[in-house]
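Novice: In my numbering, the protein residues as written are 3 to 125.
#1: Buried or exposed for residue 50, please, with buried defined as at least 16 other CB atoms from any protein chain shown within 10 angstroms of its CB.
#2: Can you check which of these residues, 52, 62, 47 and 101, is closest to residue 73 by C-alpha distance?
#3: When DSSP labels each residue in this structure, what does residue 24 get in the three-state scheme?
#4: Once the 5 residues before and after residue 26 are set aside, which same chain residues still bring their CB inside 7 Å of it?
#5: My understanding is that residue 28 touches residue 71, with C-beta atoms under 8 Å, so please give their C-beta distance in whole angstroms.
#6: Could you have a look at residue 78 and say whether DSSP puts it in helix, strand or coil?
#7: Could you give the C-beta distance for residue 68 and residue 44, rounded to a whole number, given that I count them as a contact under 8 Å?
#8: Helix, strand or coil: how does DSSP classify residue 40 here?
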């Protein structure tokens, strides 16, 4: 964890020095995610995306942080945009499928498990 904390401080300084550089926010967001702070990671990835709306990696990482926060519907928006920007991105399509499953579970409370045949009652 110390290594990630050190990286965070370096990237935090980079953001201070170059506030118009999306990479700085992306890198700090990654460090925040590694340090277990997905809320703040989402904020940094969002800033990177605001500076460069075509930043696929920031969208991918923000989607992952949203999923970690239990917000798969927000992740779906990012995956949809990644797929729009890069239609051949198989990884985004697979992650989108997983986020859809998570969203369905969140909405219905149903894990998707099915019950086997009901045993006949004796009597």
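For glycine and all other residues, C-beta sits at the position ideal for the given N, C-alpha and C.
Specialist: The answer reads as follows:
#1: buried
#2: 101
#3: helix
#4: 13, 16, 17 and 20
#5: At roughly 18 Å, the Cβ-Cβ gap does not stay under 8 Å, so residue 28 and residue 71 are not in contact.
#6: helix
#7: 6 Å
#8: helix
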